[in-house]
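Enquirer: Numbering (the numbering used here), first residue to last: 1389 to 1548. By construction, the Cβ of each residue, glycine as well, lies at the ideal position given by its N, Cα and C atoms.
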Amino acid sequence: DVGLDAVPFHSDKNTYVDTILTDLFEHCGSRKIILCSFCPTTCVMLRNKQDRWPVVLIVQGSTDTYVDYTDTRLQDLQLSANFALSENLHGLSIFSGLLLEEAESKIAELQKLGLSTFVWGYHASDAKFRQKMRDCNVHGVIYDKIYEEKLEKRKVDEVL
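1) Compare the beta carbon distance of residue 1447 and residue 1495 with 8 angstroms and say whether it is the shorter of the two.
2) Which residue from 1493, 1507, 1430, 1509 puts its Cα closest to that of residue 1471?
3) Does residue 1502 pass the burial test, meaning 16 or more other C-beta atoms within 10 Å, or should it be called exposed?
4) If the criterion is Cβ atoms closer than 8 angstroms, does the pair residue 1531 and residue 1513 meet it?
5) With DSSP as the reference, label residue 1495 as helix, strand or coil.
6) Between residue 1477 and residue 1435, which are expected to be in contact by the criterion C-beta below 8 angstroms, what is the C-beta distance as a whole number of angstroms?
7) Check whether the Cβ atoms of residue 1528 and residue 1486 sit closer than 8 angstroms, and answer yes or no.
8) What residue range does the beta strand (DSSP E) around residue 1505 cover?
9) Tell me the residue span of the beta strand (DSSP E) that contains residue 1483.
10) Taking its Cβ as the centre, do 16 or more other Cβ atoms sit within 10 Å of residue 1526, making it buried, or is it exposed?
11) Return the chain-ordered ranges of every beta strand (DSSP E) run that is complete within the stretch 1391 to 1437 and spans a minimum of 3 residues.
12) Where does residue 1427 land, buried or exposed, given buried means 16+ other C-beta within 10 angstroms?
13) Below 8 angstroms CB to CB, which residues in the same chain sit around residue 1418 once its five sequence neighbours on both sides are set aside?
14) In the structure shown, what three-state DSSP assignment does residue 1445 receive?
Right, here's the structure in full:
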């Protein structure tokens, strides 16, 4: 099992996190920010070093789509949830492939624990999947080319 490390190229995570936070404090203004990472250690550091912005752990799970991360906290949704709760993280951003089955119950369980839920991945580019996630009351869906949906809606509105 080769696996991946969530942040393999940063020898000093403390400097890495400090640099991100310094830039945010200096330049974000009044923008709404959610900090997120695939690296559980980075999430803990972001959470412990500031309380201005929520911190979310990005969860891939164990899937055939991508190579698994070596950190088991990223391979299992329940382990990820337990970790997020224990470290007082805001929530989880879950790979869409983990929610193709039993989405309602998985999301409800996480929200019952007090965790915010976000969804990312190529399934999220599908309008029907996004609607399903909205129906499950996720807090956010992350997908590419959001502008295309807005343009399409604008064209429909113009026709009506």
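Expert: Reading from the atomic positions:
1) no
2) 1430
3) exposed
4) yes
5) helix
6) 6 angstroms
7) no
8) 1504 to 1508
9) 1479 to 1483
10) buried
11) 1423 to 1425
12) buried
13) none
14) strand
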